[in-house]
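J.: In terms of UniProt numbering, the sequence shown has 19 at position 19, counting the first letter as 1, and numbering is strictly consecutive.
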Amino acid sequence: MASTAHALHILVKHKEIAEDIIKQLAKGAKFQTLAKKHSSCPSGKKGGDLGEFRRGQMVPQFDKIAFNGAILEPHLVKTKFGWHVIKVLYRT
C-alpha cells in the first residue's frame, strides 16, 4: 500500500467549471496551463503541483482519490474547499 502520492490539482467553486476543465483536458489542454488560469488554490501558480504528500495529509475525499484513483487521469472531487480536478502523477 502506497504511503505517499504526488498530485496536481485545480480548485474551483462550481462543478460546471470543473467539468469543463476535464473536457478541455480530454481535448489535449495542458493541466498546468489550466491550473494557472482557473485554480483558486495558491498551488495554481505552480501549475497545480502539490508535490509529494503522505496519506492523511489531505481531506478524506481528496485522499481517497490520491491513493486509490487511476494514475494520470483527471478525477472530479467535491470537498469543503470546492471542486477539485485531481491528477495523480505517482504513488510510493
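Note that the Cβ used here is the ideal one computed from N, Cα and C, for glycine as well.
Rounded to whole angstroms, what is the Cα-Cα separation between Glu19 and Leu25?
T.: Their backbone Cα atoms lie some 10 Å apart in a straight line.
J.: Just checking, does the segment 6-17 make contact with the segment 39-51 on the three C-beta pairs under 8 Å criterion?
T.: Segments in contact, yes.
J.: Which first and last residues belong to the alpha helix (DSSP H) in which Gly19 is found?
T.: The sequence shown places Glu at residue 19, rather than the Gly named in the question. Counting along the chain, the alpha helix (DSSP H) containing Glu19 begins and ends at 15-26.
J.: Once the 5 residues before and after Ala70 are set aside, which same chain residues still bring their CB inside 8 Å of it?
T.: Val88, listed in sequence order.
J.: Could you please give the first and the last residue of the uninterrupted beta strand (DSSP E) stretch that includes Ile10?
T.: Per DSSP, Ile10 belongs to the beta strand (DSSP E) from 4-12.
J.: State buried or exposed for Val12, treating a residue as buried only when at least 16 other CB atoms are found within 10 Å of its CB.
T.: Counting Cβ neighbours within 10 Å, Val12 comes out buried, since at least 16 surround it.
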